[in-house]
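Residues in the sequence shown are numbered consecutively from 1, following full-length UniProt numbering.
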Amino acid sequence: MPGKFFEKPAAAESDRVPPGQYLAKGFPVLSYGATPQISQDKWVFKIFGLAKEKTLGWSDFMALPQHEFTADFHCVTRWSKLDVKWQGIKVLDFMKLVELERKATHILQHCYGGYTTNLTLEDFLLEENFFAHTLDGEALPPDHGGPMRLVVPHLYAWKSAKWINGIEFCNQEKLGFWEKNGYHRRGEPWAEERYAGR
Ligand SMILES: Nc1nc2c(c(=O)[nH]1)N[C@H]1C(S)=C(S)[C@@H](COP(=O)(O)O)O[C@H]1N2
Ligand SMILES: [Mo]
Numbered sequence: 001m002p003g004k005f006f007e008k009p010a011a012a013e014s015d016r017v018p019p020g021q022y023l024a025k026g027f028p029v030l031s032y033g034a035t036p037q038i039s040q041d042k043w044v045f046k047i048f049g050l051a052k053e054k055t056l057g058w059s060d061f062m063a064l065p066q067h068e069f070t071a072d073f074h075c076v077t078r079w080s081k082l083d084v085k086w087q088g089i090k091v092l093d094f095m096k097l098v099e100l101e102r103k104a105t106h107i108l109q110h111c112y113g114g115y116t117t118n119l120t121l122e123d124f125l126l127e128e129n130f131f132a133h134t135l136d137g138e139a140l141p142p143d144h145g146g147p148m149r150l151v152v153p154h155l156y157a158w159k160s161a162k163w164i165n166g167i168e169f170c171n172q173e174k175l176g177f178w179e180k181n182g183y184h185r186r187g188e189p190w191a192e193e194r195y196a197g198r
């Protein structure tokens with residue numbers, strides 16, 4: 001499929017590109033449905049389910065430690081982008097605001113626009129996962145999930161919810177939008193976990 005929008009990885013990069021993936025030129029936008037327009041001051045984020053219910057705002061996230069992240073990004077539709085430069089907040093720092101019940105084992109990410117996607121708590125609580133509000137030094141553009149999105153680098157990018165507005169903590173797996181529509185429940189790119197039951 002190399003051509004206008006894709007290229008074959010150079011040898012030095014090929015060991016960073018999972019099987020069946022091509023490098024994208026630029027940073028494609030992949031959304032199901034229209035881009036919601038949410039300003040930072042209107043943005044609210046809800047913690048609910050098996051955690052003490054809380055509604056957080058922009059300033060609550062800005063008060064947490066801020067970091068730069070460089071992460072590879074792999075879409076199940078076979079494009080990858082290496083070394084994406086983000087800024088934001090580590091999931092592990094965000095978790096200091098969460099009063100979690102011990103029986104929580106999974107999460108469901110909720111978004112403006114209604115998109116959802118699930119993770120095990122184990123896949124969520126990794127040092128490398130983060131909430132992103134900045135891309136290439138600029139405020140995260142709405143098409144890429146601004147004002148805030150989650151980024152989970154070790155799984156296919158459908159697990160990185162754009163326009164995130166809540167995390168629901170659960171004691172069992174609750175499938176998200178694509179997972180209900182045939183995508184793999186976990187989505188690990190190196191194992192090509194693209195579709196359920198394959
Ligand atoms: N809310 C929401 N988040 C989403 C999506 C979506 O449609 N809605 N698409 C997912 C998919 S399939 C991919 S590949 C990435 C794409 O992110 P990008 O548009 O910034 O490249 O976002 C993921 N997060
Ligand atoms: Mo995707």
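Even glycine gets a Cβ: it sits at the ideal position worked out from N, Cα and C. Predicted, not measured: the structure shown is a model, and the values here were computed from it.
Shortest alpha-carbon distance to LEU100 belongs to which of THR117, LEU121, ALA161 and HIS144?
Measuring from the Cα of LEU100, the nearest candidate turns out to be LEU121.
Three-state class that DSSP yields for LEU23 in the structure shown
strand
Near ARG198, what residues of its chain come up, given a Cβ to Cβ distance below 7 Å and the 5 sequence neighbours on each side ignored?
Low confidence applies to ARG198: its pLDDT is 49, below 50, so where it sits in the model is not reliable, and the reading given next is rough at best. Nothing listed; no residue qualifies.
Are GLN87 and LEU150 touching if we call contact CB-CB under 7 Å?
no
So what's TRP178 in DSSP terms, helix, strand or just coil?
helix
DSSP three-state call for HIS154: helix, strand or coil?
coil
Spatial distance of GLY26 from ARG102 (CA atoms):
42 Å
Three-state secondary structure (DSSP) of ALA139
strand
Any heavy atom of ligand 3 inside 6 Å of the beta-carbon of VAL84?
Looking at this structure, you won't find ligand 3 anywhere; what it does contain is ligand 1 and ligand 2.
At a threshold of 6 Å, does TRP79 count as lining ligand 2 (C-beta to nearest heavy atom)?
no
In whole angstroms, what separates the C-alpha of PRO153 from that of GLU68?
14 Å
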